[in-house]
Each structure stands twice: as structure tokens, then as C-alpha cells.
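Note sheet for the following structure.
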Amino acid sequence: QSDAEPCSQPHWVVPDICPSIAFALADATDGTHIRVLPGHVEELLVPLVIDCAVFIEGPEDGSAQLVGSEGIVVNAGKSKKAVVLRSLNLCIEGGVALMIAGGCSVERCVIEAASVGVEIAAHAGEAVSLERSTVQRCRTGISLAGSTTVHLEGSRIEHCASGVCVTGLQIEEGWNQILGRLSQASFTENSGADLVLRSWSIKESSTGLIRNAILGEEVEVGGWPWESCSVVARTDSGAVVLHFSGGNVNATIFEEEEGG
């Protein structure tokens, strides 16, 4: 089969049957299995968009590499294993290495980026898992919007400026177990915080009032999740104390008295 002919088999091999992963994806349909041979290196100059339920599997030795200035965008269905990426090495010089906006399972992959390693859209969290994978040497290892339901079991986030950043998280007053799934990962040798909260809020238990974080201020937690710590943080309705212990966080509200 020549390189100019479309890939028409449900199980394709790169580069033997198809010259590249991008070429195989161009004609892929739900259920397609793309196997990548050892030593294959593919340069990404435009985003690699995955919009159907495919299984892309690299060699067990992890020698299949996707490199370049653009990353992978996953947007294919809501089920957890709509897209499976296994044993791939992704090294991106530009922005986000892996953007996930649909169901995706990332297994035994190594992800590296100049900016964000993995960015997960708000509606996709429950259907996303990173298992036994490594995210390394990124400005932000994993970026989440609004939800902490992504599974990180057995994964490592290391040598990043910040480990996991969660934007828009709402925390109930009192004890919460909302960080349990994120705490399944291992965080090592990150130069800044292991956990960062941006644009977060506290919901008061008695009144239902929402206290929003001061615009532009972040909560940064180092040594997480292995070390417990407390952080005093400002909101638009006074200060709160956030106590982090493993996958749990306790929010305590300061009741400030007028006149000091």
C-alpha cells in the first residue's frame, strides 16, 4: 500500500501501514486501533485532533515520540475510555501538550511541555484518567477547571514549576474530600507549589453564602499531599483558614468583629 492511499483497516500500524498517527486519524472511525512501532518519532506542527473513539498504543518501551510546537486535543465522547492513549512519549515546546475536552484514558505515557502538561476541561473531569503516567518539566503539570474528579492513580508529577492547578473550585465550609482523587498521584521535586487553587470560593454551611477569593490571589500548597498544612486566605467577605490533609481540605471561616 502506498503512502498516498487512505488507511482503511480497523487496526493500523504506524509507520508500516500508515506513515504517521495524523495520517491514520484522518480516516479513523470509532473503534479504530492505531499501533505505533518502536522508535517512531512524529513532529506536530499543527494540533493533533482526536474527535472519535480510538485507541493509540505505543510500544512498551515508550520509544514512540510525538514532538514539536503543537500538542494533542482530545474531544471524542463522554465515556471514560472514549479515547485511550497508551505508552506514548509527548514532548511539546509550545503551549499545552495534551488538551482533554472529552472522555480519555492516558496510560503509561510520559508528557512534557514548556507550558501546561495536561489541561482538562470542566465538563470532562469524571471521564478522564491518568494512570501510571509521568508529567514532567512543565510550568504547570496538570490544569483542571472547576472539578477535581479526574483519576490520577499511580501517576507522577515531577520537576514542574507547579504540580496541579485547579481553577474555579468551590469548597464547602467544614471538611471536604474533594482532593481525594488528585492525592493518588505522586508529587516530587516541583520547584513551586504541588497544589495551586485559583478563583476558588467557599460556601457557608449555615447561609449558603458564597465567599469568593480575592481576584488574582492564589492558594499555594507545598509538600502536598504528604504533608498537612494550613493556609490563611482572603475572600471578598473576610478571611478563611484552609487546612489541607491528604485528599481532604477543611474550610474554617473567620468571624471578624467590627471595631477591632
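Residue numbering for the sequence shown follows this note's numbering, beginning at 2 and increasing consecutively. C-beta atoms are modelled at their ideal positions from N, C-alpha and C, and glycine is treated no differently.
Whole-number beta carbon distance between residue j and residue i, since they are thought to touch under 8 Å
i, j, result
"E159", "T135", "7 Å"
"V117", "R140", "7 Å"
"E174", "K204", "6 Å"
"R133", "H152", "Not a contact, Cβ separation roughly 11 Å."
"L26", "I51", "6 Å"
"T168", "A186", "The Cβ separation is near 18 Å, so there is no contact."
Nonlocal neighbours in the same chain, by C-beta distance under 6 Å from residue i, ignoring five residues either side
i, result
"M100", "V74, E120"
"I93", "G72, A114"
"A65", "V37, H41, G59, L89"
C-alpha gap between residue i and residue j, whole angstroms
i, j, result
"R87", "L196", "26 Å"
"T150", "V241", "24 Å"
"G142", "F188", "10 Å"
"I215", "A234", "9 Å"
"V14", "E44", "17 Å"
"T208", "A252", "15 Å"
"V84", "S106", "6 Å"
Helix, strand or coil at residue i according to DSSP, with G and I counted as helix
i, result
"V250", "strand"
"Q185", "helix"
"A122", "coil"
"E44", "strand"
"F255", "coil"
"I179", "coil"
"V14", "strand"
"E174", "coil"
"A146", "strand"
"A27", "helix"
"A162", "coil"
Own chain residues within Cβ distance below 7 Å of residue i, not counting five before or after
i, result
"D17", "L38"
"D237", "R212, N213, I215"
"P11", "G32, T33, H34"
Residue i and residue j closer than 9 Å at C-beta
i, j, result
"L170", "S202", "yes"
"Q178", "N90", "no"
"G103", "S70", "no"
"S163", "A123", "no"
"C53", "A29", "yes"
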